[in-house]
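Peer 1: Add 909 to the 1-based position in the sequence shown for the working numbering, that's all there is to it. The structure is given below, and queries will be raised subsequently.
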Amino acid sequence: MNQSRSIEGFETKIIGATTTADGAGYEATANSDVVVITAGLPRKPGMSRMDLIGVNAGIVRGVAENIAKHSPNAVIIVVSNPLDEMTALTQIATNFPKNRVMGQAGMLDTARFTNFVAEKLGVAVSSVKTLTLGSHGDTMVPVPSRCTVDGVALSEKLSAEEIADLVDRTRNGGAEVVALLKTGSAYYAPSAAAARMAKAVIEDSGAVMPVCAWVDGEYGISGVYLGVEAAIGREGVKKVVETALTDSELASLKEAAEAVRSKQSDVQTL
């Protein structure tokens, strides 16, 4: 990566550090502004993200505790699966303010939805706008009412059945990649999404994007980490941004909140 500096036009020197379960090596990360947690086992074909919760909880907890020790003012972006539960666990393990712990999922799921729509219609991805909320799992909530193609509602381009198929494919987009890779899970698009989130933090841009954030009253939902749109800046989540949803989309979002709430409570005992 350092050898690419003259090609990519940056001066920042990249260093590596080897960390161990007993906390050695984390001193190299001291006083970080942003920390991205990707630690944990990946899925294999046939596995759900929830199948990873037992083993990944222990891994993520250890990482989070060392982040709190060495970088107490950092903003944390969680990528490890199951995402919503690991985000909640990270906040518990660090005892950081909830706005300084968020998860990367909504940007990835939205990007997948966008890509699938563009492929279906044979148009440029830049002409497609989509949104995905809810959990990073079975209760994911792609939001067709917010989808447009060159400013035209998706419902004017595709039938309800075709849209439903795209919604279902979006929910299973990660499993598609796992099935193709056989021995790992997606990494390129997730890393691009995490980098975009980190950029918003570092630049204090206030950019609005779908992330896993603490919800406290928005959409009539409270006390849970959930995929919503939020303005991101130096302090992490500046605010959750509510968007207009249809009655069925709102109902699905509330169902997602209840589904992840019980699991997020369970991680405290793992």
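Glycine included, each C-beta is placed from N, C-alpha and C at the ideal position.
Rounded to the nearest angstrom, how far is the Cβ of GLN1177 from that of ILE976, given a contact under 8 Å?
Peer 2: In fact, because the Cβ distance is near 18 Å, the residues do not count as touching under 8 Å.
Peer 1: Whole angstroms are fine: how far does the CA of ALA1153 sit from the CA of VAL1180?
Peer 2: Residue coverage of the chain in this structure runs from 910 to 1179, which leaves residue 1180 outside it and unanswerable.
Peer 1: Check the C-beta distance from GLY1015 over to PRO1119 and give it rounded, since I have them as a contact under 8 Å.
Peer 2: 3 Å
Peer 1: Using only CA atoms, which one of SER1114, ALA1139, ALA948 lies nearest to ALA973?
Peer 2: ALA948
Peer 1: Where ARG958 and GLY971 are concerned, what is the direct C-alpha to C-alpha distance, given to the nearest angstrom?
Peer 2: 20 Å
Peer 1: Looking at C-alpha atoms only, which residue of ILE916, VAL1050, ALA1104, MET1106 is the closest neighbour of SER1161?
Peer 2: Considering only alpha carbons, the answer is VAL1050.
Peer 1: Whether or not the region 990–1006 and the region 1125–1135 are in contact is what I'm after, with contact meaning three or more pairs of Cβ atoms, one per stretch, closer than 8 Å; do they touch?
Peer 2: yes
Peer 1: Cα separation between LEU1259 and VAL969?
Peer 2: The first residue shown for the chain is 910 and the last is 1179, placing residue 1259 beyond what the model contains.
Peer 1: Under three-state DSSP, which class holds GLU1112?
Peer 2: helix
Peer 1: Excluding the 5 residues preceding and the 5 following VAL1124 in the sequence, name in chain order all residues of the same chain whose CB lies nearer than 8 Å to its CB.
Peer 2: ILE1130, SER1131, GLY1132, VAL1133, TYR1134, LEU1135, VAL1137, VAL1149, ALA1166
Peer 1: Only counting the same chain, and skipping five residues up and downstream in sequence, which positions put a Cβ closer than 8 Å to that of GLU1085?
Peer 2: ARG1078
Peer 1: Can you give the Cα-Cα distance for THR921 and THR938, rounded to whole angstroms?
Peer 2: 15 Å
Peer 1: Using the C-alpha atoms, what's the distance from THR1048 back to ASP942?
Peer 2: 32 Å
Peer 1: Considering SER899, what are the terminal residues of the beta strand (DSSP E) in which it resides?
Peer 2: What is shown of the chain runs 910 to 1179, which leaves residue 899 out entirely.
Peer 1: Give the straight-line distance between the Cα atoms of ALA1027 and THR928, rounded to the nearest whole angstrom.
Peer 2: 41 Å
Peer 1: Is PRO954 closer than 8 Å to LYS1091 when the C-beta atoms are compared?
Peer 2: yes
Peer 1: So, for ALA1116: in the same chain, excluding its five sequence neighbours on each side, which residues have a beta-carbon less than 6 Å away from its beta-carbon?
Peer 2: ALA1109, ILE1141
Peer 1: From this set, ASP1156, GLU1112, GLY1083, SER1114, which residue's C-alpha is nearest PRO1099's C-alpha?
Peer 2: GLY1083
Peer 1: Distance check for VAL988 and ALA1033, CA to CA, integer angstroms please.
Peer 2: So the two alpha carbons sit approximately 28 Å from each other.
Peer 1: Would you kindly work out how many angstroms separate the C-alpha atoms of SER1064 and THR1155, rounded to a whole number?
Peer 2: 13 Å
Peer 1: Measure the C-alpha to C-alpha separation of LEU1030 and SER1036 and round it to an integer number of angstroms.
Peer 2: 11 Å
Peer 1: Which partner residues does THR1057 have in the DSSP bridge list?
Peer 2: LYS1038, ALA1062
Peer 1: Return the CA-CA distance between ALA1107 and ALA1069, expressed in angstroms with no decimal places.
Peer 2: 36 Å
Peer 1: Taking 7 Å as the limit between beta carbons, can you name the residues of its chain near ALA1214, skipping five residues before and five after?
Peer 2: Any question about residue 1214 goes unanswered here, given that the chain covers just 910 to 1179.
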